[in-house]
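Undergrad: Numbering (the working numbering), first residue to last: 1 to 285.
Here it is: the structure, laid out below.
Below, the structure written as structure tokens:
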């Protein structure tokens, strides 16, 4: 929140709001995990550092002269991209139980890390002049799970170590042992998300507008089919999906519940893959 001079971090614990930061520097890119650990970046005047709030205590995780960015957090573990002044490239770093480990040390840039609750990490590496690859750290070893000549991007990982990403307008999926290409069509598929059960949702441009697609481990379903862009989607651990779309008057929030009972009388829409669609209206009076 903006306090009149800069942005500060605030936390709502279910009953009250607490102000976590109170300084004259920029606090940004805040993230929270299921245990109410909070991570963010602070601009210290020369570069950005990683900060952690845990159980009422704020700790500065990094303290160097280079930018630490793209911090993510899960189960108290923090991952980020930091600049390596020795190699001149960016590397992936992991904070766990008070200890910082440098996960990568190579001759190319490693960026945009994601982490699951087990400390497994996925990221994008520019390991060739015209190619971006997806790398996976399972807690012991690092492997290239994309291993192609495409521009791979936007990786996401669940707690089972399953990973999704997009490459050259198609969706790819790593099931823990093998990499599969889920889509193969003439339109744009982008920015996939995966839940704890391995269900995947993504956006696809069908030539007219953006629609929502869903993979349940067996088949692909098109959840939306309209003339408006369906955007800003997210999937819960149990597979429920929420997104934003225009209804002809203004933007609304839509919720697709997996295997939900249909209310009577039904004024809702039944989607494929066992979803029931709810619309949340928020028009101004």
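C-beta: ideal position from N, C-alpha, C; glycine also.
Classify residue 51: buried if its beta carbon has 16 or more other beta carbons within 10 angstroms, exposed otherwise.
TA: What you label residue 51 is simply residue 51 of the chain shown in a count that begins at 1. It counts as buried.
Undergrad: To which residues of the same chain is residue 8 closer than 7 Å at the C-beta, ignoring the five residues directly before and after it?
TA: Residue numbering aside, residue 8 sits at position 8 when the chain shown is read from its first letter. The answer, listed in chain order, is 1, 19, 21, 22 and 27.
Undergrad: Suppose only complete runs of 3+ residues qualify. What are the beta strand (DSSP E) ranges in the segment 115-193, listed by chain order?
TA: DSSP runs (the beta strand (DSSP E)) wholly in the segment 115-193: 121-128, 131-137, 142-144, 152-157, 163-167, 170-174 and 179-181.
Undergrad: Short check: CB of residue 78 to CB of residue 91, under 9 Å?
TA: Working through the chain shown from its first residue, we reach residue 78 at position 78. Working through the chain shown from its first residue, we reach residue 91 at position 91. Result no, Cβ atoms of residue 78 and residue 91 do not sit closer than 9 Å.
Undergrad: Report, in whole angstroms, the separation of the C-beta atoms of residue 112 and residue 89, which I expect to be a contact under 8 Å.
TA: As a position in the chain shown, residue 112 is number 112, starting the count at 1. As a position in the chain shown, residue 89 is number 89, starting the count at 1. Incorrect: roughly 14 Å between the Cβ atoms, too far for contact.
Undergrad: What does DSSP give as the partner residue(s) for residue 43 in the beta ladder?
TA: Along the chain shown, read from residue 1 onward, the residue named residue 43 stands at position 43. Bridge partners of residue 43: 48.
Undergrad: From residue 190 to residue 171, what distance separates their C-alpha atoms?
TA: The sequence position of residue 190 within the chain shown is 190, counting from 1. The sequence position of residue 171 within the chain shown is 171, counting from 1. Taking the straight line from one Cα to the other gives about 7 Å.
Undergrad: Under 8 Å: do the segment 147-161 and the segment 184-204 share three or more Cβ pairs, one atom per stretch?
TA: In short, these stretches touch, since the Cβ pair count reaches three.
Undergrad: At which residues does the beta strand (DSSP E) containing residue 201 begin and terminate?
TA: Reading the chain shown from its first residue, position 201 is the one you call residue 201. 200-205 is the span of the beta strand (DSSP E), which, as asked, contains residue 201.
Undergrad: Since I believe residue 96 is in contact with residue 119 (beta carbons under 8 Å), could you give me their beta-carbon distance rounded to a whole number of angstroms?
TA: Here residue 119 refers to the residue found at position 119 of the chain shown. Here residue 96 refers to the residue found at position 96 of the chain shown. Contact holds; Cβ gap of about 6 Å.
Undergrad: If you follow the beta strand (DSSP E) that residue 301 is in, where does it begin and where does it stop?
TA: This structure cannot speak to residue 301, because the chain is shown only from 1 to 285.
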